[in-house]
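First up is the structure itself, then whatever we jot down about it.
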Amino acid sequence: TFDAGAGVWDCVKCYECAEACPKEINPIEKITKLHNMQFEQGIAKSNVATRHAEGFLRGMKKSGYLDEADIVVYSEGYLGMYKHLTTAFKMMKAGKIHWQDGVPFIDSMPKIKNLSEVQKLIEIAQTNKL
């Protein structure tokens, strides 16, 4: 069956289209608007791409930081994360994955000092139309 909205989730936001586009139409902005419209209308299907977007927001609300390890687990599940283990070890070395009480990936991201301010900004951004 044909899924008219599926293609917008194929974009990985590499900005190649913005670089190559001969017109000033800002394709990334248009794709992002289509993503948002699908969420607003409740037609965004649950898949790795949509869960990735939701996981990004979830992490920002929870800690104020981008929790890259949690996004992978949220998007692809614990079984899906195994294909990313090599990258995970590199991220641990770089300090992008945090450990708390010896348990990785479970609420292990420290919270920023002004988390409530970030949460308010997210709420405002989600309720106001630009």
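The numbering of the sequence shown is our numbering, which starts it at 182 and goes up by one.
All residues carry an ideal CB built from backbone N, CA and C; glycine is no exception.
Asked                                                                                                                                                : Found
I need the straight-line Cα distance from Y263 to C195, nearest angstrom please.                                                                     : 24 Å
Among the residues of its own chain, which have a CB less than 6 Å from the CB of S256, if the five just before and after it don't count?            : V229, R232, H233, G236
Who are the near neighbours of K242 in its chain, counting only those whose CB is closer than 7 Å to its CB and skipping five residues on each side? : Q300, I303
Roughly how many angstroms separate the alpha carbons of I293 and E210, rounded to a whole number?                                                   : 29 Å
Buried or exposed: V193, going by 16 or more other Cβ atoms within 10 Å of its Cβ?                                                                   : exposed
For Y259, which three-state DSSP category applies?                                                                                                   : helix
Could you compute how far the alpha carbon of P208 sits from the alpha carbon of A250?                                                               : 28 Å
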